[in-house]
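What follows is a short report on a single structure.
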Amino acid sequence: MEKLVFNTEIKASKEKIWKVLWDDETYRKWTSAFCEGSYAESNWNEGDKIYFLGPGGTGMNSLIEIKIPNEYMAFKHLGEIKDFKEVPPNEETEKWSGSMETYRLTQKGDVVDLHVEVDVIEKHIDYFKEAFPKAVELIKELSEKENKERELTT
1 MEKLVFNTEI KASKEKIWKV LWDDETYRKW TSAFCEGSYA ESNWNEGDKI YFLGPGGTGM
61 NSLIEIKIPN EYMAFKHLGE IKDFKEVPPN EETEKWSGSM ETYRLTQKGD VVDLHVEVDV
121 IEKHIDYFKE AFPKAVELIK ELSEKENKER ELTT
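Our numbering puts the first residue of the sequence shown at 1, with every later residue one more than the last.
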């Protein structure tokens, strides 16, 4: 497994970026970089399950391992979902079960550094190297959008 790392500086508050990352409406917008119609089902509490789903009921189930509001979120990916149901572990899921995906927000002067790390198996590396930068750019655009609109009206 390989760890991919993505960073960007965002001119917005940590609270605003956190909201863009995890509120349903904006989550659906930035995760469209991976699959149009992607969404998550969760109560977003540390220690609870989260289901990352596509419109056809496929995806993966994970655990919210660590949640520090406005600072850090860590997902531990557990298994696959088909037809909106968890699939028992199999040879394919064993290859990536336990992989991590983390999001860290760090204040650096008047910008916030968004630092994303994701563990990826070899057959998905090219896909994520292409899709994740698009997703990170969407997070940046959505987070900075309100600030730009405010600047135009003042």
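Here a beta-carbon is modelled for each residue, glycine too, at the ideal position from N, C-alpha and C.
| query | result |
| --- | --- |
| Can the beta-carbon of residue 50 be found closer than 7 Å to that of residue 62? | yes |
| Around the C-beta of residue 75, are 16 or more other C-beta atoms found within 10 angstroms, so that it is buried, or is it exposed? | buried |
| Determine contact between the region 100–110 and the region 7–24, defined as no fewer than three beta-carbon pairs at a distance below 8 Å. | yes |
| Curious, which full-length beta strand (DSSP E) runs of at least 3 residues does the region 41–108 contain? | 49–53, 59–68, 72–82, 100–108 |
| Mapping the DSSP letters down to three states, classify residue 145 as helix, strand or coil. | helix |
| Rounded to the nearest angstrom, what separates residue 31 and residue 23 at their Cα positions? | 12 Å |
| Candidates 122, 114, 121: which alpha carbon is nearest residue 144's? | 114 |
| Have a look at residue 91 and residue 119 and give me their C-alpha separation to the nearest angstrom. | 18 Å |
| In this structure, how does DSSP classify residue 36 when only helix, strand and coil are distinguished? | coil |
| Beta-carbon within less than 6 Å of residue 46's beta-carbon, same chain only, minus the 5 sequence neighbours each way: which residues are those? | 64, 67 |
| Where does residue 113 fall in DSSP's three states? | strand |
| Return the CA-CA distance between residue 154 and residue 127, expressed in angstroms with no decimal places. | In this prediction, residue 154 scores a pLDDT of 48, lower than 50, which makes its location untrustworthy; the coordinate-derived value is nonetheless stated afterwards. Roughly 41 Å separates the two Cα atoms. |
| So, residue 96 versus residue 121, is the Cβ gap smaller than 7 Å? | yes |
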